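With my numbering, the residue at position 58 of the sequence shown is 572, and numbering never jumps. Beta carbons are placed, not taken as given, at the ideal position from N, Cα and C, and that holds for glycine. All figures in this text were calculated on a predicted structure; none of them were measured in a lab.
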Amino acid sequence: MTVISQVILKADDELRYPSSGELKNIKDFLETGVQRTRIAATLAENEKKIVQEATKQLWQKRPDFISPGGNAYGERQRSLCIRDFGWYLRLITYGVLAGDKEPIEKIGLIGVREMYNSLGVPVPGMVEAINSLKTASLGLLSAEDAAEAAPYFDYIIQAMS
515 MTVISQVILK ADDELRYPSS GELKNIKDFL ETGVQRTRIA ATLAENEKKI
565 VQEATKQLWQ KRPDFISPGG NAYGERQRSL CIRDFGWYLR LITYGVLAGD
615 KEPIEKIGLI GVREMYNSLG VPVPGMVEAI NSLKTASLGL LSAEDAAEAA
665 PYFDYIIQAM S
């Protein structure tokens, strides 16, 4: 849900008009729309490049992941890991577009630690993976856009830590 729909639904539930503070939030949301759309488009258009770079960075930092006995050892396991990179990148674009971390929480973080633990995937390794994804992604953005996008990556990293 966007800031606009949240404000409208909250005001309607309380049978009132939106407050001046809520209207300012809507104004701020609309003013950053071009930037949020630009960031999401850059991430989406460069998904393959970002995922390749993030994967390369992760394997360099953690070669044990792709060594025999590692969680990403073998073609199938490696491709599942790469698939997750794309999924997290898409999840981040949802948050950027909404201007809110709620889509990340609702779609992607509820139960993520339990899921990875049940699959035997080390959660600290996933944190490193998201850090690699963040580095690869922010490197394609301007400083201003990177500053806007970084908190969405950090939100996932914090939730997994």
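Where do the ends of the alpha helix (DSSP H) carrying Tyr602 lie? Glu589 to Ala612
Can you tell me whether DSSP reads Lys524 as helix, strand or coil? helix
Please report the straight-line C-alpha distance between Val626 and Leu572, rounded to a whole angstrom. 20 angstroms
Going straight from the alpha carbon of Gly547 to that of Gly639, what length do you get? 33 angstroms
Count the CB pairs spanning the region 562 to 580 and the region 593 to 601 that are closer than 8 angstroms, and state whether there are at least three. yes
Does the region 643 to 659 come into contact with the region 557 to 567, if we say contact requires no fewer than three beta-carbon pairs (one atom in each stretch) closer than 8 angstroms? yes
Where does Asn631 land, buried or exposed, given buried means 16+ other C-beta within 10 angstroms? exposed
Just to confirm before moving on: does the CB-CB distance between Val610 and Glu559 stay below 9 angstroms? No, they are not a contact pair.
Can you tell me which of the three DSSP states Pro617 falls into? helix
Do you know whose CA, among Lys538, Glu528, Ala554 and Arg530, lies nearest Ile518's CA? Nearest C-alpha to Ile518: Lys538.
Proximity to Phe579 [Cα-Cα], best of Arg552, Ile670, Val637 and Leu654: Val637
Taking 9 angstroms as the threshold (C-beta atoms), are Ser675 and Val635 in contact? Taking a C-beta distance under 9 angstroms as the contact criterion, Val635 and Ser675 do not qualify as a contact pair.
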